[in-house]
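Trainee:
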Amino acid sequence: MFTRSAQLLVLKSKDETPTYKETPVRLTQNKRGRKKVCRANSVPSETSSMIADQSLPVSGLVPTLFHQSKPVKTAARSTHSRFHYDISSWFSILLLFITVLLTFFLVFQYSTGFPAMNLIWVDSQPNPQSHQNTHGPPFIDAALQKHMDTTEQIVQRMTKEFKGLRTEIDHLKKMMDSLTTGERHIQDQQVFHRERIMALDDVSSRLWQEVSSLQQSVKDSNGPPAIKMADYALESQGGTIVTNRRSKTHETGSYTLSIMGIPLLKRMNSPWTVIEGNPPKPGRCWPFQGSQGYLTVSLSCPIHITHVTVEHIPVVLSPTGNIHSAPKDFNVYGMSTEEEEGTLLGTFTFSQAGDAAQTFELPKPSSVYRFVELQVLTNWGNKDYTCLYRFQVHGKMPSD
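Our numbering numbers the first residue of the sequence shown as -12 and each following residue consecutively.
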């Protein structure tokens, strides 16, 4: 309505009477030759008719429009059957619309849910379960009450959770205290066991010393008796060989010196080998010819002879796997001087299956003698020579 009349140009004539003319836009549309003719070209609007009839100036157009309260019928009402409303009707509609918007704004401001807008009907009857005072509109009080109930439920739930957490914390504290006590107990036990281990180590070391001593004692007791008795025939203690009272040495050694292929010196083991006191090794012995022979030893001092010891290599050390050259039956004589024939002190047998060093005890204590003669009667099968590895004489000095 107002838009259609705004498309007209208001012109003033010389006698101040306004006239109307189509705008250039409408003239352009007519020049394009459209078949449809705009109604504004054929029928003037109600505003233009009113202005033309009343001869109002342009400045009075707007106030007149805003003071009309009823729609105005135009001359073309019979043709279009259309009602037009004035500006005051539109203003009333706008005020109603603004009121509705304000109402909805208040509802949205105090509502908790958008779709239902939380329009809760509050009964005017008092609730026997609640004696709380309400202020403001009922739907706002209901929303606040719901918020308060929800907050209270949250607080109660959090209180329960805090109580549960406190219980768990107390339980964890008890467990920590128990673990601390257990750790201290374990540390005390470790210290106690460490002290016991140290004490056991000391006892063990002492026991090992005692065991070693016992083993040595057992070894000495099971060993040959000559180990526990002094050897008065030992060269290092003053014993010597009487060279004019011995058998002839069997020449079994190889030549050690030769000139232009002619052998000059031959290595031979002397009777002194018997009293040197070296451990017996294969070949380190004094061999004499045949199965019978004798050897006289001057002792380091005159003694009462009680034992004699004859030593030979064991079978396991023999290169031939036997000890056929070992002496078998022999006699022992005691003499005070080199010229005496000697006194028979005993006859003994060296066992081929026995120990390497075999000690023989005289049947009765002898008188004091300075010289001892060993007379071999037989050997264990070697007819060429007999080997003596070591000969020992044991006894007691006269002062004892």
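Even for Gly, the Cβ is constructed at its ideal location relative to N, Cα and C.
#1: How long is the line joining the alpha carbons of residue 368 and residue 326, rounded to whole angstroms?
#2: Is it true that the CB of residue 291 sits closer than 8 Å to the CB of residue 200?
#3: Count the other CB atoms, across all protein chains shown, that sit within 10 Å of the CB of residue 158; report buried if there are 16 or more and exposed otherwise.
#4: Quick test of the definition: if touching needs 3 or more C-beta pairs under 8 Å, does the stretch 264 to 275 touch the stretch 317 to 324?
#5: Grouping DSSP H, G and I as helix and E and B as strand, with all else coil, what is residue 235?
#6: So residue 375 and residue 289 are in contact, right, with Cβ under 8 Å, and what is the actual spacing, rounded?
#7: What do you get for residue 366, buried or exposed, if any count of 16 or more other CB atoms within 10 angstroms of its CB means buried?
#8: Taking residue 192 and residue 229 to be in contact with their CB atoms under 8 Å, please state how far apart those CB atoms are, rounded to whole angstroms.
#9: Out of 279, 312, 299, 294, which one is the CA nearest neighbour of residue 267?
#10: One question on the structure: do residue 318 and residue 334 come within less than 8 Å of each other, judged by their Cβ atoms?
#11: Using C-beta distances below 7 Å, list every residue in its chain close to residue 227, excluding the 5 sequence neighbours before and after it, in chain order.
#12: Comparing C-alpha positions only, which one of 256, 151, 142, 379 sits nearest to residue 287?
#13: Measure the Cβ-Cβ separation of residue 296 and residue 345 and say whether it is below 8 Å.
#14: Do you know offhand how far residue 224's Cα is from residue 179's?
#15: What's the gap between the Cα of residue 222 and the Cα of residue 328?
#16: Could you check whether residue 294 and residue 384 sit closer than 8 Å to each other, using their CB atoms as the reference points?
#17: Enumerate in chain order the residues of its own chain whose CB-to-CB distance from residue 232 is below 6 Å, with the five nearest sequence positions on each side excluded.
#18: Along the chain, where does the beta strand (DSSP E) that runs through residue 279 open and close?
#19: Do residue 301 and residue 343 come within 8 Å of each other at the CB atom, strictly closer than that value?
#20: Which value, in whole angstroms, describes the spacing of the CA atoms of residue 371 and residue 316?
#21: If you check the beta carbons only, do residue 312 and residue 260 fall under 8 Å apart?
#22: Which residues bound the beta strand (DSSP E) around residue 356?
#23: Threshold first: 4 residues or longer. Then list the alpha helix (DSSP H) segments lying entirely within the stretch 124 to 187, N to C.
#24: For residue 127, does the count of other Cβ atoms within 10 angstroms reach 16, so buried, or fall short, so exposed?
#25: Taking residue 238 as the reference, give the member of 219, 220, 258 with the closest Cα.
#26: Residue 441 and residue 350: beta carbons closer than 8 Å?
#27: Apart from the five residues on each side of it in sequence, which residues of its chain come closer than 8 Å, Cβ to Cβ, to residue 177?
Mentor: With the given structure in hand:
#1: Each residue's alpha carbon lies about 33 Å from the other.
#2: The Cβ-Cβ distance between residue 200 and residue 291 does not fall below 8 Å.
#3: Residue 158 comes out exposed.
#4: Look at the beta carbons and you see the stretch 264 to 275 not touching the stretch 317 to 324: under three pairs across the two are nearer than 8 Å.
#5: Coil.
#6: That belief does not hold up - the Cβ atoms of residue 375 and residue 289 are roughly 24 Å apart, past 8 Å.
#7: Residue 366 is buried by the Cβ-count criterion.
#8: Going by Cβ atoms, the distance from residue 192 to residue 229 rounds to 53 Å, so no, they are not a contact pair.
#9: Nearest of 279, 312, 299, 294 to residue 267, Cα basis: 299.
#10: The beta carbons of residue 318 and residue 334 sit closer together than 8 Å.
#11: Here the set comprises 285.
#12: Comparing Cα positions, the closest option is 379.
#13: In this structure, residue 345 lies closer than 8 Å to residue 296 by Cβ.
#14: Those two C-alpha atoms are separated by around 58 Å.
#15: Whole-angstrom Cα-Cα distance: 24 Å.
#16: No. Outside cutoff.
#17: Excluding its 5 nearest sequence neighbours in each direction, residue 232 has C-beta neighbours in its own chain below 6 Å: 283, listed in chain order.
#18: According to the DSSP assignment, residue 279 belongs to no beta strand (DSSP E), since it is labelled neither H nor E.
#19: A contact, by the Cβ cut-off of 8 Å.
#20: Looking at the two C-alpha atoms, the distance is approximately 17 Å.
#21: Using a Cβ distance threshold of 8 Å, residue 312 and residue 260 do not count as a contacting pair.
#22: That run of the beta strand (DSSP E) goes 355 to 363.
#23: You should have found no qualifying run.
#24: The Cβ neighbour count for residue 127, taken over all protein chains shown within 10 Å, is at least 16; the residue is labelled buried.
#25: Looking at the Cα atoms, 258 is the closest of the given residues.
#26: Examination of residue 441 is not possible in this model, given that the chain is present from -12 through 387 alone.
#27: So the list is empty, once near-sequence residues are dropped.
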